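Student:
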Amino acid sequence: MHISRRTALIGITAAVPLVTTTLAAPADAATPSGSAGSPGSTGSSGSANAGVLAVQRWLNKTFGHVHGWVQVDEDGLTGSGTVLGIVQATQSLLGISPVVATFGPTTRQKLEQHGDVGAETGDDAETWRRLVQAGLICKGASTVSLTGEFDAATVAAAEALRSDLGAAPGGLPLSAHLFGALLTVDPVRLASGGSRSVRTVQQYLNRTYAEAVGGAYGSTSGAVDTSTYAAAIRAVQVAVGVTVDGAWGPGTAAALRAAGPSVVGVGATGAWVLLVKALLVLNGERVVFSSAYSAADAAVVRAFQQFQAFPPAEQTGTCDAGTWAALAASTGDPDRATTGADTAVRLDDARAAAVRASGATGVGRYLTNHQRSGALDKALTPDELRVMASAGLGLWPIFEEGGFAASWFTEEQGVKDAHRAHDAARELGIPKQTTIYFAADFDATAAQDESLVVPYFRGVAAGLRGRGNLYKQGVYGSRATCTAVSSSGLAHFSFVAGMSPAWAGNQLEPLPGNWALNQIQNRTVGSGNGSTEIDAVVVSGRDPGVPAARLAG
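Note that the sequence shown covers residues -29 to -1, 1 to 524 in mature numbering (1 follows the signal peptide of the UniProt record, and there is no 0).
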């Protein structure tokens, strides 16, 4: 079973410091950091630092009067609060009012228009230089002081930052994009347990694409995260010539289909090969990161296509538009033909016929309604089972009542839900040993998977066991959530919520090894009385569900 990198790296980000002794490039072997604290959290590192305290005091003293200013805690602990103080200060110097504690598109655009930071000559030149020093201190440059002058220590720290990010040497001033890297808590040093091959790709993406209009420098910790995902998508967008925003969408996909050089096969060389190999590495595939596409690379891609359940004719080993989409987004190509569906709509003869005509041979349907007033009436009925059987549609049973909220997930609730699912399935006559998919229908973080979702599924297991283990348990959720639950031995099969590519748990996260169903697009099938809203589902074949013939019985 593949272990989710996000789950496996819960402890990695917790070990990456914002405050370290230097910004020097790491040694050959990744070693544990000396202090605790996640650079991606809203918290702070574990011990007070005099340099950080000086930054905090200076920010409040210099910008505390600015409209919208959010006070920075003066505790010497670096974290997102201090970094967002630097963001607000930057906004003030850029003429943005009121300032907001967010590094968003307006700030990025105005920063790009401003140009190099540290080269200013006006009245605020010294303040800009102090901001550069403040950012370097918060990235771990312990030798830098908040002087407003670019001394040797500041230049050395800037050079180390460039090296860590993969940028070209150049010292100071910093480009707008390099300065932007100081306005995030994305880690720049190799994390304890981080992958050197992933870091090589992260640095390549930064070096090659970050300085484009709309570009940004991403994390170089060796751990795949949302920053890395955005960097990879921005690289594709730069390559195909569309607006660069780091978000995969129909425009990027269409431009990629139209870009002839993006079709990469054996013998190809150059930038497109590097880009596809970057995505392969970030997706957990083992390839040599180089500019030549070999037969060995094609074999890796062919295996990837097979695992993604591409049609046999499309399992070529060539990276085409469909493969790019599968590497870039959890939906893959959302318009691809599918043989499964799920719906909250109760199927009558007309609707069942429309779903079957769409190519589906099986449908995910809900066993129960939520036990609250006004809940959607989505529960499967005996009459509906007969309709589905007559239309030639099989069944994948789903249980979801409150699974869209993190607060639902306790071990006790898992037991209760298992009992309700079991009782409903028995009442409907669903055959024994059918897998029931219990939903975790939200973008759970790795910590939530560990502390909430997995215990809930332990409860589900206990609840089904208490009813005689007549049914198997499956999980519905993001790729990361499905993998976390499955790798804990708590799900036979996974029903992936791939239709939510913006979920962090779906970004550059491989499909779980036991995936049976992958939901990729909302569609309306049929017309008139048969018009039905469904989610199109890719079927791997691992879980046949309940075939139509058995429903008829």
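Ideal Cβ positions, reconstructed from N, Cα and C, are used throughout, including at glycine. Treat the numbers as computed from the prediction; the structure is a model and nothing was measured.
1) Determine the direct distance from the alpha carbon of Val252 to that of Val316, and round the result to whole angstroms.
2) What separation, rounded to the nearest whole angstrom, lies between the Cα atoms of Thr416 and Asp196?
3) Should Ala128 and Leu143 be called a contact, given that it needs their Cβ atoms to be closer than 7 Å?
4) Quick check on Ser471: buried or exposed, where buried means 16 or more other Cβ atoms within 10 Å of its Cβ?
5) Looking at the structure shown, is Trp243 part of a helix, part of a strand, or coil, going by DSSP?
6) According to the neighbour-count rule (16 or more other Cβ atoms, all chains shown, within 10 Å of its Cβ), is Asp514 buried or exposed?
7) My output table needs one value for Tyr408: the three-state DSSP class, helix, strand or coil.
8) Would you report the Cα separation of Ser18 and Leu48, rounded to the nearest angstrom?
9) Under 7 Å, do Asn477 and Ser449 count as touching if we go by C-beta distance?
10) Does the structure place the segment 177 to 188 close enough to the segment 460 to 471 that three or more beta carbon pairs sit under 8 Å?
11) Measuring CB to CB, does Leu522 end up less than 7 Å from Leu356?
12) Distance check for Arg170 and Ala162, CA to CA, integer angstroms please.
13) Figure out for me which residue from His390, Phe409, Ile401 has the closest Cα to the Cα of Arg438.
14) What are the boundary residues of the alpha helix (DSSP H) that includes Pro353?
15) Label Ala123 either buried or exposed according to how many other C-beta atoms from any shown protein chain fall within 10 Å of its C-beta, with 16 as the threshold for buried.
16) Taking the alpha carbon of Glu480 as the reference point, which residue from His85, Val41, Tyr200, Arg429 has its own alpha carbon closest?
17) Asn31: which of Leu227, Ile57, Pro483 sits nearest, CA to CA?
18) Please list, in chain order, all residues of the same chain as Val258 whose beta carbon is under 6 Å from its beta carbon, the five residues on each side excluded.
19) Between the C-alpha atoms of Ser378 and Ala312, what's the straight-line distance to the nearest angstrom?
20) Once you ignore the five residues that flank Ala300 on each side, which residues in its own chain have a CB closer than 7 Å to its CB?
21) Assuming contact is defined by CB atoms lying nearer than 7 Å, are Leu154 and Phe74 in contact in what I supplied?
22) On the three-state DSSP scale, how would you describe Lys81?
23) Which complete alpha helix (DSSP H) runs does the segment 139 to 171 hold, if anything under 4 residues is left out?
24) Return helix, strand or coil for Trp99, following the three-state DSSP convention.
25) Does DSSP classify Lys443 as helix, strand or coil?
26) So, with DSSP's three-state summary, where would you put Gly501?
27) For Thr487, report the span of its beta strand (DSSP E) as first-last.
28) Just checking my contact of Leu132 with Asp87 at CB under 8 Å: how many whole Å lie between their CB atoms?
29) May I ask you to list the residues that DSSP assigns as paired with Ser465?
30) When we look at the beta-carbon of Thr(-23) and count the other beta-carbons within 10 Å, is it buried (16 or more) or exposed?
31) Provide the residue span of the beta strand (DSSP E) that contains Val115, from first to last.
32) For a test of the three-state rule: what should DSSP assign to Val508, helix, strand or coil?
33) Could you check the C-alpha separation between Ala239 and Gly374 for me, to the nearest Å?
34) Can you tell me which of the three DSSP states Ala312 falls into?
35) Name the DSSP bridge partner or partners of Leu366?
36) Measure the Cβ-Cβ separation of Ala297 and Gly303 and say whether it is below 7 Å.
Tutor: The relevant details are as follows:
1) Val316 and Val252: Cα-Cα distance of roughly 40 Å.
2) 12 Å
3) no
4) buried
5) helix
6) The C-beta of Asp514 has 16 or more other C-beta atoms within 10 Å across all chains shown, which makes the residue buried.
7) strand
8) Spanning the two alpha carbons is a distance of roughly 6 Å.
9) In this structure, Ser449 lies closer than 7 Å to Asn477 by Cβ.
10) no
11) yes
12) Rounded to whole angstroms, Ala162 to Arg170 spans 10 Å at the Cα level.
13) His390
14) 353 to 362
15) exposed
16) The residue with the shortest Cα to Cα distance from Glu480 is Tyr200.
17) Checking every option, the nearest Cα to that of Asn31 belongs to Ile57.
18) Hits under 6 Å: Lys248, Leu251, Asp268, Val271.
19) Ser378 and Ala312 have their alpha carbons spaced roughly 28 Å apart.
20) Cβ neighbours of Ala300 beyond the five flanking positions: Trp219, Pro472.
21) yes
22) helix
23) 147 to 152
24) DSSP places Trp99 in helix when its eight states are reduced to three.
25) Three-state result, Lys443: strand.
26) helix
27) Here residue 487 turns out to be Ala, not Thr, going by the sequence shown. 486 to 496 is the extent of the beta strand (DSSP E) around Ala487.
28) Not really, about 15 Å apart at Cβ, beyond 8 Å.
29) Val446, Trp486
30) Reliability of the predicted coordinates at Thr(-23) is poor, the pLDDT of 40 falling under 50, and no value is obtained from them.
31) Val115 -> no beta strand (DSSP E), and no H or E assigned at all.
32) strand
33) 46 Å
34) strand
35) Answer is Val334, Val517.
36) yes
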